[in-house]
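>
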Amino acid sequence: MLMDMINRSKEKRRRLLGQEYQGLKNVNGYDSFENSRKARKLGIRLLQGYPNTYTFTKSVAEEVVKNEMGTLPIAIVRPSIVISTYKEPLSGWVDNTNGPTFVVKYVMLGVLRTLYAGPRLVMDLIPADIVTNLIIVSALEAKIFNEPMKVVPSLNCRFLIVLVGHRILSDGIGLGIFSNQTLPANILDFILKCTGRKPKYVDLAKRMGRFYSVVEDFVKREWDFRNANTQNLWRKINSVDKELFNFDSASFNWNDVFLSYIKGVRMYMLKDPMDTLPRARRKALRLKIIYYTVPISIFLLFYKFCTLIG
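Going by full-length UniProt numbering, the sequence shown runs without a break in its numbering and finishes at 310.
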């Protein structure tokens, strides 16, 4: 049942959702006990085709808009994974740790050492200000459909970026998580307990584990978004609007976009200004030396111990 729901096309799932949504409507309104029971049952059944309630409820919201909009000129903008701003109002501005920002933040802190990912899969990211520009301009597209619409015009904005880690392990992800996160967290908490301080690293490692379970469906799959409506909209607007409300992903340097994203996480999420970068580099070098020196020292001590007792 699960794989059947996952393999269904988006259009088929949307039609099914529309049929079920209509079945929930009755003359007594939406807050009746029977509708509440049916809605819960519907959610449990249809959620099997979605990775989480967030993506499911977005589809439900679209269905509600389509059925209730009447004569309102409405367009739906569907961004992919929204990250920090590229240029406006500030370069790299971000105010939450959702999705990839969580990864960037904890990788920068050195806490997140191992992550599930498909090295050849594409992660679909889009800056927040690009989405905002598209939302503003989409009002033009909505005006074209000012009669009651049977199909809501949908705009998919996309850009593709491949995230490659420092080292890719084809096997043994569980071992990597244990050796790089779980074991060090327990050792550090043991040291904190011995020194009379409150342990915190095991809880942080568990938080990483919960994050894995949330993003697993997204990092092991990729999606092909069709954005013909977005491209057509871009061709319709004049040169002045294109300059003011640029949402053409082909015109950006995506290396610059991602660098501004990383800087933004540093400045706005970690509250670490760029003038501390030289000190941070020195600290990173010391930690790197410790990272390689400690296991080598332990191995040499173990080898020396074995030779003494042998």
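Note that beta-carbon positions come from the ideal geometry of N, C-alpha and C, so glycine has one too.
Which of helix, strand or coil does DSSP assign to V82?
The three-state secondary structure of V82, taken from DSSP, is strand.
> Considering only their Cβ atoms, is the gap separating V265 from V94 smaller than 8 Å?
yes
> Please report how far the alpha carbon of K236 lies from the alpha carbon of V215, in whole angstroms.
Per the coordinates, the alpha-carbon of K236 lies some 37 Å from the alpha-carbon of V215.
> Express the C-alpha separation of Y292 and residue 317 in angstroms, rounding to a whole number.
In the structure as shown, the chain begins at 1 and stops at 310. Residue 317 is therefore absent and cannot be evaluated.
> Using the beta-carbon count (16 or more within 10 Å), is S138 buried or exposed?
The Cβ neighbour count for S138, taken over all protein chains shown within 10 Å, is at least 16; the residue is labelled buried.
> Tell me where the alpha helix (DSSP H) around D248 begins and ends.
Here D248 belongs to no alpha helix (DSSP H), and DSSP marks it neither H nor E.
> By Cβ distance below 6 Å, which residues in the same chain neighbour D189 in space, the five residues on each side in sequence not counted?
P199, Y201 and V202
> Between which two residues does the beta strand (DSSP E) harbouring L125 extend?
M123 to P127
> May I have a chain-ordered list of the alpha helix (DSSP H) segments no shorter than 4 residues that lie completely inside the region 217 to 259?
228 to 236 and 239 to 244
> By Cβ distance, which residues of its chain are closer than 6 Å to A205, with the 5 residues on each side in sequence left out?
Q181, T182 and A185
> Near A284, what residues of its chain come up, given a Cβ to Cβ distance below 6 Å and the 5 sequence neighbours on each side ignored?
none
> Look at E62 and I74 and say whether their C-beta atoms are less than 8 Å apart.
no
> So what's I130 in DSSP terms, helix, strand or just coil?
helix
> Rank S249, G99, D256 and E68 by C-alpha distance to the C-alpha of G92 and give the top, closest one.
D256
> What did DSSP end up calling V111 once you bin it into helix, strand or coil?
V111: coil per DSSP, three-state reduction.
> Using DSSP with H/G/I as helix, E/B as strand and the rest coil, what is I76?
strand
> Buried or exposed: which applies to T71, given that a residue is buried once 16 or more other Cβ atoms fall within 10 Å of its Cβ?
Flag for T71 reads exposed.
> CA-CA distance, Y268 and V64?
36 Å
> For L121, I'd like the list of residues in its chain whose CB is within less than 6 Å of its CB, leaving aside the five on either flank, ordered along the chain.
The beta carbon of L121 sits closer than 6 Å to those of E222, all from its chain and outside the five residues before and after it, given in chain order.
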